[in-house]
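Number of protein chains: 2
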Amino acid sequence: MHPIQTQLLKRERQAFIMKQINLHNRVLSADLGLMLNVSEDTVRRDLNELAEAGELVKVHGGALSKSYHYDYAPSTTYALSEKTVIAQKAATLIEDRMFVILGGGTTVRELARLLPLDLKATFFTVSLTTALQLCDHPTIDVIFLGGTLVKNSQISVGGEVISRLNEIKADLCIMGTNAIDTECITDTDLEAVQVKKAMIKASKRSAVVTISEKLGSTQKLQVCELSDIDYLITDLPADAPQFVGYRREGLVVL
Amino acid sequence: MHPIQTQLLKRERQAFIMKQINLHNRVLSADLGLMLNVSEDTVRRDLNELAEAGELVKVHGGALSKSYHYDYAPSTTYALSEKTVIAQKAATLIEDRMFVILGGGTTVRELARLLPLDLKATFFTVSLTTALQLCDHPTIDVIFLGGTLVKNSQISVGGEVISRLNEIKADLCIMGTNAIDTECITDTDLEAVQVKKAMIKASKRSAVVTISEKLGSTQKLQVCELSDIDYLITDLPADAPQFVGYRREGLVVL
DNA sequence: ATCAAATCCGCAAAAAGTTGCACTAAAATT
DNA sequence: AATTTTAGTGCAACTTTTTGCGGATTTGAT
Numbered sequence: 123m124h125p126i127q128t129q130l131l132k133r134e135r136q137a138f139i140m141k142q143i144n145l146h147n148r149v150l151s152a153d154l155g156l157m158l159n160v161s162e163d164t165v166r167r168d169l170n171e172l173a174e175a176g177e178l179v180k181v182h183g184g185a186l187s188k189s190y191h192y193d194y195a196p197s198t199t200y201a202l203s204e205k206t207v208i209a210q211k212a213a214t215l216i217e218d219r220m221f222v223i224l225g226g227g228t229t230v231r232e233l234a235r236l237l238p239l240d241l242k243a244t245f246f247t248v249s250l251t252t253a254l255q256l257c258d259h260p261t262i263d264v265i266f267l268g269g270t271l272v273k274n275s276q277i278s279v280g281g282e283v284i285s286r287l288n289e290i291k292a293d294l295c296i297m298g299t300n301a302i303d304t305e306c307i308t309d310t311d312l313e314a315v316q317v318k319k320a321m322i323k324a325s326k327r328s329a330v331v332t333i334s335e336k337l338g339s340t341q342k343l344q345v346c347e348l349s350d351i352d353y354l355i356t357d358l359p360a361d362a363p364q365f366v367g368y369r370r371e372g373l374v375v376l
Numbered sequence: 123m124h125p126i127q128t129q130l131l132k133r134e135r136q137a138f139i140m141k142q143i144n145l146h147n148r149v150l151s152a153d154l155g156l157m158l159n160v161s162e163d164t165v166r167r168d169l170n171e172l173a174e175a176g177e178l179v180k181v182h183g184g185a186l187s188k189s190y191h192y193d194y195a196p197s198t199t200y201a202l203s204e205k206t207v208i209a210q211k212a213a214t215l216i217e218d219r220m221f222v223i224l225g226g227g228t229t230v231r232e233l234a235r236l237l238p239l240d241l242k243a244t245f246f247t248v249s250l251t252t253a254l255q256l257c258d259h260p261t262i263d264v265i266f267l268g269g270t271l272v273k274n275s276q277i278s279v280g281g282e283v284i285s286r287l288n289e290i291k292a293d294l295c296i297m298g299t300n301a302i303d304t305e306c307i308t309d310t311d312l313e314a315v316q317v318k319k320a321m322i323k324a325s326k327r328s329a330v331v332t333i334s335e336k337l338g339s340t341q342k343l344q345v346c347e348l349s350d351i352d353y354l355i356t357d358l359p360a361d362a363p364q365f366v367g368y369r370r371e372g373l374v375v376l
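The listed protein sequences correspond, in order, to chains A and B. Heads up, the first sequence is in the working numbering, so the first residue is 123 and it goes up one at a time. Heads up, the second sequence is in the working numbering, so the first residue is 123 and it goes up one at a time.
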């Protein structure tokens, strides 16, 4: 990391900075000042200009490569508007300093995307895509529960995950589901079901998020009874007639 | 950089300026004034004309070659073609039924993308993006080593990851790096360095993949000595002169 | 909560750029 | 040939840009 000898023009300096960013994914203002032989203020001004032009992401102390950001592709998500509504309702359950377990699926990912920017909480997840989305949030902590990956759902499963979950006592768990009826939550994949069971067991309260389309559907494997969950969150208003048969003691419909 | 003796005509002057630009990619108005023995005002007027004619790019203090046109903003991946070359070389190290540990970064991700479709092996990784890429492969097993996530680099770190790595004995480890010189592999993030150390320790053989641009750069934290790795894989041919000082017993340059 | 580092803000000095104008010399016109 | 025209150049006054610095403020880590 040797200093540059010649005095560079502004453009050259900024090009140099971009090269460093592309090479090392991150730069420190102090380092750049030394390398370029200019004051840190000048470096900071350059970084601000480049950030404004969208060439990099400025952070406290330096800057980061823009390519290192998860690009969310909302066009591919089925029923996005409904899921956004659900996610916004679900977000109200999360408060500062909570420990929250999140599952996979596009609805939960949408929730992760919509978390308030000033939220300070700790999240656990088994989903790669949820985790990536959470990485874009500035103030939260994210812990990934590793294990064997299931390829199509991109979540980790297995004994390793289960035993980690058994060590956790979270305030809240939010998961999607494949099917839900008036009796229980069901799903198709045995490994995923076991993880979900462990997630519920590891949390004081559990929320299930799902688009209303799935109400009344059933799959082969049971995750839990409807009474085992505390919140049911859909795109419908809480007093919608579709919830007949779902209401019961201790279950809040949002 | 001598001053010109004879007084030049405008056209000759501008031709001289273009020659300097093509030679050095940059010129300073002050230098040109001295060299051409005219006032800076005249130089500036010349530069303005040339810029208007699209022959160069005028900037505060002088002008830059049009080819220099720093076209940063690699919306995709920086130096992707080089990384593809590297990834193809690295892929030859992986054989059926191997246990392989992969790191993060775009080069490794490219490797994950280019794995032969019929490969049957088991992969461990701490990188969310590498893991996602591996999920697209039909026949391999993927195990994610979970832990606290570092947001910028989207990898998991911490004691959890380290101790899991300590339980693994893999055949091969392939990782990118932020910086490499003839002495050692270095990086910027302490947590990431600790994980990389553990990855190397957990593998019979270790490979470092990097674009040749990074050769000769150094960062603050040491991952390992150059002699601790078994393969160095770059976009250059194995017999390239750039490897002077890198070659040593037990290190294969690919 | 506390402390050091990083950032922001304004300012002032230096560097670079702009403009109008006068002067020169070559080119064009009569 | 004499005169007008015109492009080119340098100078000086003024404006803009760039940069570094001191100090107030925010941020992040402990």
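Glycine included, every Cβ here is placed at the ideal spot set by N, Cα and C.
*Is any beta-carbon of chain B found at less than 8 angstroms from that of Asp263 (chain A)?*
Along the first sequence, one-based indexing puts residue 263 (chain A) at 141. Closer than 8 angstroms to some Cβ of chain B, the Cβ of Asp263 (chain A) qualifies, so yes.
*Decide yes or no for the touch test of the segment 172-191 of chain A against the segment 293-310 of chain B: beta carbon pairs closer than 8 angstroms, at least 3 of them.*
no
*Check whether the Cβ atoms of Ala243 (chain B) and Val222 (chain B) lie closer than 8 angstroms to each other.*
As a working mapping, residue 243 (chain B) is identified with position 121 in the second sequence. As a working mapping, residue 222 (chain B) is identified with position 100 in the second sequence. With respect to Val222 (chain B), Ala243 (chain B) sits close: the two C-beta atoms are nearer than 8 angstroms.
*asked:* Could you give the first and the last residue of the continuous beta strand (DSSP E) run that contains Met297 (chain B)?
replied: As a first step, residue 297 (chain B) is located in the second sequence; it is residue number 175 there, counting from the start. Segment Ala292 to Gly298, the beta strand (DSSP E) holding Met297 (chain B).
*With a CB to CB cut of under 7 angstroms and the five nearest residues on each side skipped, what residues in its chain are close to Glu371 (chain A)?*
As a first step, residue 371 (chain A) must be located in the first sequence, where it is residue number 249. Excluding residues within five positions, none has a Cβ falling inside 7 angstroms.
*With a 10 Å radius around its C-beta and 16 neighbouring C-beta atoms as the bar for buried, classify Gln210 (chain A) as buried or exposed.*
Within the first sequence, numbered from 1, the residue matching residue 210 (chain A) stands at position 88. Flag for Gln210 (chain A) reads exposed.
_Cutoff 8 angstroms: Leu250 (chain A) Cβ touching any chain B Cβ_ = Here residue 250 (chain A) refers to the residue found at position 128 of the first sequence. Interface residue, yes.
*Only counting runs of 4 or more residues, tell me where the alpha helix (DSSP H) segments fall wholly within the segment 326-357 of chain B, in order along the chain.*
Listed in chain order, the alpha helix (DSSP H) runs fully inside the segment 326-357 of chain B amount to none, counting runs of at least 4 residues.
*Can you find a CB in chain A that lies within less than 8 angstroms of the CB of Asn159 (chain B)?*
Position 37 of the second sequence holds residue 159 (chain B). Not closer than 8 angstroms to any Cβ of chain A, the Cβ of Asn159 (chain B) fails to qualify, so no.
*Who are Ser275 (chain A)'s beta bridge partners in DSSP?*
Reading the first sequence from its first residue, position 153 is the one you call residue 275 (chain A). Assignment of beta-bridge partners to Ser275 (chain A) by DSSP yields no partner.
*Given a limit of 7 angstroms on CB to CB distance, which residues of the segment 230-257 of chain A reach chain B?*
Leu250, Ala253, Leu254 and Cys257
*What runs of the beta strand (DSSP E), each 3 residues or longer, lie entirely inside the segment 152-232 of chain A?*
For the segment 152-232 of chain A, whole beta strand (DSSP E) runs of length 3 or above, ordered along the chain, are 178-181, 184-187 and 221-224.
*With 8 angstroms as the C-beta to C-beta threshold (strictly closer), list the residues of the segment 129-141 of chain A near chain B in chain order.*
Leu131, Lys132, Arg133, Glu134, Gln136, Ala137, Met140 and Lys141
*Which term fits Ser349 (chain B), buried or exposed, when burial requires 16 or more other beta carbons within 10 angstroms of its beta carbon?*
For the purposes of this step, residue 349 (chain B) is identified with residue 227 of the second sequence, where counting begins at 1. The residue is exposed, with fewer than 16 neighbouring Cβ atoms inside 10 Å.
*Which of the three DSSP states, helix, strand or coil, is assigned to Thr304 (chain A)?*
Residue 304 (chain A) sits at position 182 when you count from the first residue of the first sequence. In the structure shown, Thr304 (chain A) sits in coil (DSSP, three-state: anything other than H, G, I, E or B).
*Endpoints, the alpha helix (DSSP H) within which Thr252 (chain A) is located*: Mapped onto the first sequence, residue 252 (chain A) falls at position 130. Leu250 to Cys257 is the span of the alpha helix (DSSP H), which, as asked, contains Thr252 (chain A).
*Members of the segment 324-335 of chain B near chain A, C-beta cut-off 9 angstroms*: Ile333 and Glu335
*Contacting residues, own chain, Cβ-Cβ under 8 angstroms from Lys326 (chain A) (five flanking each side not counted)*: Counting from 1 along the first sequence, the entry for residue 326 (chain A) is found at position 204. The residues Lys291, Ala292, Asp293 and Leu294, in chain order, have a CB closer than 8 angstroms to that of Lys326 (chain A) in the same chain once the five nearest residues on each side in sequence are set aside.
*Examine chain A for any beta-carbon lying closer than 8 angstroms to the beta-carbon of Val207 (chain B), and answer yes or no.*
By one-based count along the second sequence, residue 207 (chain B) stands at place 85. Chain A, which has no Cβ nearer than 8 angstroms to the Cβ of Val207 (chain B), makes this no.
_Cβ contact check for the segment 267-285 of chain B and the segment 308-324 of chain B: 3 or more pairs under 8 angstroms_ = Between the segment 267-285 of chain B and the segment 308-324 of chain B, the count of Cβ pairs shorter than 8 angstroms is three or higher; the stretches touch.
_Reduced DSSP category for Val366 (chain A) - H, G, I as helix; E, B as strand; rest coil_ = Counted from its first residue, the first sequence places residue 366 (chain A) at position 244. Coil.
*Do Thr214 (chain B) and His146 (chain A) come within 8 angstroms of each other at the CB atom, strictly closer than that value?*
Against the first sequence, residue 146 (chain A) aligns to sequence position 24. Against the second sequence, residue 214 (chain B) aligns to sequence position 92. Cβ distance not < 8 angstroms, so His146 (chain A) and Thr214 (chain B) don't count as in contact.
*Quick one: does Arg370 (chain B) have its CB under 8 angstroms from some CB of chain A?*
Here residue 370 (chain B) refers to the residue found at position 248 when the second sequence is read from its first residue. It does not; no Cβ of chain A falls within 8 angstroms.
*asked:* Please report whether the beta-carbon of Thr270 (chain A) lies at a distance below 8 angstroms from any beta-carbon of chain B.
replied: Residue numbering aside, residue 270 (chain A) sits at position 148 when the first sequence is read from its first letter. At least one chain B Cβ lies under 8 angstroms of Thr270 (chain A).
_Arg148 (chain A) at chain B interface by Cβ criterion, 8 angstroms_ = By one-based count along the first sequence, residue 148 (chain A) stands at place 26. With 8 angstroms as the cut-off, Arg148 (chain A) counts as an interface residue toward chain B.
_Reduced DSSP secondary structure (H/G/I, E/B, other) of Ile262 (chain B)_ = In the second sequence, counting from the first residue as 1, residue 262 (chain B) sits at position 140. Three-state result, Ile262 (chain B): coil.
_Which residues of the segment 292-322 of chain B have a Cβ closer than 8 angstroms to any Cβ of chain A? Give them in chain order._
Asn300, Ala301 and Thr310
*asked:* Checking 8 angstroms against the spacing of the C-beta atoms, do Thr199 (chain B) and Ser187 (chain A) come in under that value?
replied: As a working mapping, residue 199 (chain B) is identified with position 77 in the second sequence. As a working mapping, residue 187 (chain A) is identified with position 65 in the first sequence. Not a contact, by the Cβ cut-off of 8 angstroms.
*Would you say Phe266 (chain A) faces chain B, with C-beta separation under 8 angstroms as the test?*
Here residue 266 (chain A) refers to the residue found at position 144 of the first sequence. Look at Phe266 (chain A): its C-beta is under 8 angstroms from a C-beta on chain B.
*Going by beta carbon distance, what residues of the same chain come within less than 6 angstroms of Leu169 (chain A), once the five residues before and after it are set aside?*
As a first step, residue 169 (chain A) is located in the first sequence; it is residue number 47 there, counting from the start. The answer, listed in chain order, is Lys180 and Ala185.
*My guess is that Leu254 (chain A) and Ile262 (chain A) are in contact by the Cβ rule of under 8 angstroms, so how many angstroms apart are they, rounded?*
Looking up residue 254 (chain A) in the first sequence gives position 132. Looking up residue 262 (chain A) in the first sequence gives position 140. Going by Cβ atoms, the distance from Leu254 (chain A) to Ile262 (chain A) rounds to 13 angstroms, so no, they are not a contact pair.
*asked:* Please report the distance separating the alpha-carbon of Thr356 (chain B) from that of Leu241 (chain A).
replied: What you label residue 356 (chain B) is simply residue 234 of the second sequence in a count that begins at 1. What you label residue 241 (chain A) is simply residue 119 of the first sequence in a count that begins at 1. Approximately 42 angstroms, taken between the alpha carbons.
_Collapsed DSSP secondary structure at Leu287 (chain A) in the structure displayed_ = Looking up residue 287 (chain A) in the first sequence gives position 165. Assignment of Leu287 (chain A) by DSSP, reduced to helix, strand and coil, places it in the helix class.
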